[in-house]
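Heads up: the structure comes next, in structure tokens.
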Amino acid sequence: MTGLLQDVRYALRQISKSPGFATTAILVLALGLGATTGMLAIVQSVLVRPLGYRDPDRVVLVGMSDQANATSNISYPDFQEMRRSLHQFEDLGAYSSMPLAVQTPDGAQMLVAPAVSTNFFELLGVHPMLGRSFRAGDQAVGAGSVIVSHDFWQHSMHAQQDVLGSKLKINQDLYTVVGVMPPHFQFPMQTETVWITLQIGADQKTKQGFDSFSVLGRLKPQVTLDQARSEGEGFLRHKPRADSSQATSHFWLYPYQNLVTGNEKPALVALL
Numbered sequence: 191m192t193g194l195l196q197d198v199r200y201a202l203r204q205i206s207k208s209p210g211f212a213t214t215a216i217l218v219l220a221l222g223l224g225a226t227t228g229m230l231a232i233v234q235s236v237l238v239r240p241l242g243y244r245d246p247d248r249v250v251l252v253g254m255s256d257q258a259n260a261t262s263n264i265s266y267p268d269f270q271e272m273r274r275s276l277h278q279f280e281d282l283g284a285y286s287s288m289p290l291a292v293q294t295p296d297g298a299q300m301l302v303a304p305a306v307s308t309n310f311f312e313l314l315g316v317h318p319m320l321g322r323s324f325r326a327g328d329q330a331v332g333a334g335s336v337i338v339s340h341d342f343w344q345h346s347m348h349a350q351q352d353v354l355g356s357k358l359k360i361n362q363d364l365y366t367v368v369g370v371m372p373p374h375f376q377f378p379m380q381t382e383t384v385w386i387t388l389q390i391g392a393d394q395k396t397k398q399g400f401d402s403f404s405v406l407g408r409l410k411p412q413v414t415l416d417q418a419r420s421e422g423e424g425f426l427r428h429k430p431r432a433d434s435s436q437a438t439s440h441f442w443l444y445p446y447q448n449l450v451t452g453n454e455k456p457a458l459v460a461l462l
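Residue numbers (the numbering used here): 191 to 462.
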């Protein structure tokens, strides 16, 4: 203990002799510690807790492509038929991100927010920390249900205690808050956002070639990407074509977790 006190006194004497050098050294150390802390936070969010979903390795983005068009967007009739016909999946859900003007106590916010099918949160295996998930009746035109993220509830609604049943004005329409998602949950990428249900127009229900939705699927346990892809190719071979001039379509799958982390994962591992 005596030796430690002597070292401290010696260090203080040296600092008093060279205050400029000491200040620079302290700033460099502070910047280094800040950068390290920031990097650890990034690695934590991308690698340690990349997605807050149940078994995220079984969640895949589903798409179709041909020689003229490669897209992850799928028409509503195709989405409905895929849910009925593809048995290698536990379920499939649709979503479409759109700009929403959300009125909050602090003023209007513009969000690029997802409209999702009512089964979407069950598909991801995540349930609201407050309230409930969407249910079938929420997709009816005029139902007006909204689920908010934890960050949106905390920051934009100031952690309003009676949030369930409260109203949010979104694009000039009133929506009822039915749920608050858990902390850190995000989809697609934003943590401060809201989710509404897909509103399916009459033309979208009947028009096969109106590709307006992205689709996520959850593979059944032990099902491989190749098995699910093979089943999807068979589905495409037997489905009617919106345009007989189209080239042969292909069914593709991409792990959603890879879409989130992309090519950054190896680089982040190297920084650990």
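Virtual Cβ for every residue (Gly too), placed ideally from N, Cα, C.
Owing to the predicted nature of the structure, the values given are computational and were not obtained by experimental measurement.
| Asked | Found |
| --- | --- |
| First and last residue of the uninterrupted alpha helix (DSSP H) at D363 | Segment 363-370 is the beta strand (DSSP E) holding D363; no alpha helix (DSSP H) there. |
| Beta-carbon gap between P267 and Y285 smaller than 7 Å | no |
| As assigned by DSSP and simplified to three states, the class of Q278 | coil |
| Collapsed DSSP secondary structure at L290 in the structure displayed | strand |
| Identity of the residues DSSP links to A305 by a beta bridge | S286, I386 |
| CB of P289 within 7 Å of CB of V306, strictly | no |
| 7 Å Cβ cutoff met for L415 and L443 | yes |
| Chain-order list of residues whose beta-carbon lies under 8 Å from that of H440 (same chain, five-residue window excluded) | M254, S255, D256, E423, L426 |
| Rounded Cβ spacing between G321 and Y365 (contact assumed at less than 8 Å) | Wrong, their Cβ atoms sit about 13 Å apart, outside the cutoff. |
| Enclosing beta strand (DSSP E) for H428 [first to last residue] | Premise fails: H428 lies in the alpha helix (DSSP H), 415-428, not in any beta strand (DSSP E). |
| CA nearest to the CA of A291, picked from I360, P372, V336 | I360 |
| Nearest-angstrom Cα separation, counted from T381 out to M371 | 10 Å |
| Beta-carbon proximity check, I264 vs V353, cutoff 7 Å | no |
| Among F403, H345, V338, P246, nearest to Q270 - alpha-carbon criterion | F403 |
| T383 versus G391, I390, Q389, P373, residue with shortest Cα-Cα distance | P373 |
| Through-space distance from M347 to G297, alpha-carbon basis | 11 Å |
| Nearest to G332 (by Cα), restricted to the options L388, E421, Q351 | L388 |
| Nearest-angstrom Cα separation, counted from D363 out to Q351 | 23 Å |
| First and last residue of the uninterrupted beta strand (DSSP E) at F441 | 440-445 |
| Q471 in three-state terms, based on DSSP | Shown here, the chain extends from 191 to 462; a query on residue 471 therefore has no answer. |
| Inter-residue Cα distance where the pair is V367 and F342 | 12 Å |
| Rounded distance between the beta-carbons of Q412 and V249, thought under 8 Å | Rounded, the Cβ-Cβ distance is 15 Å, inconsistent with contact. |
| H340 burial status per 10 Å Cβ neighbour count (16 or more: buried) | buried |
| C-beta atoms of E280 and R408 nearer than 7 Å | yes |
| Beta-carbon proximity check, F375 vs G283, cutoff 7 Å | no |
| Pair within 7 Å by beta-carbon distance, G369 and P295 | no |
| Among R244, W385, A418, nearest to L314 - alpha-carbon criterion | R244 |
| Best match in V336, V252, E421 for proximity to G355 [C-alpha to C-alpha] | V336 |
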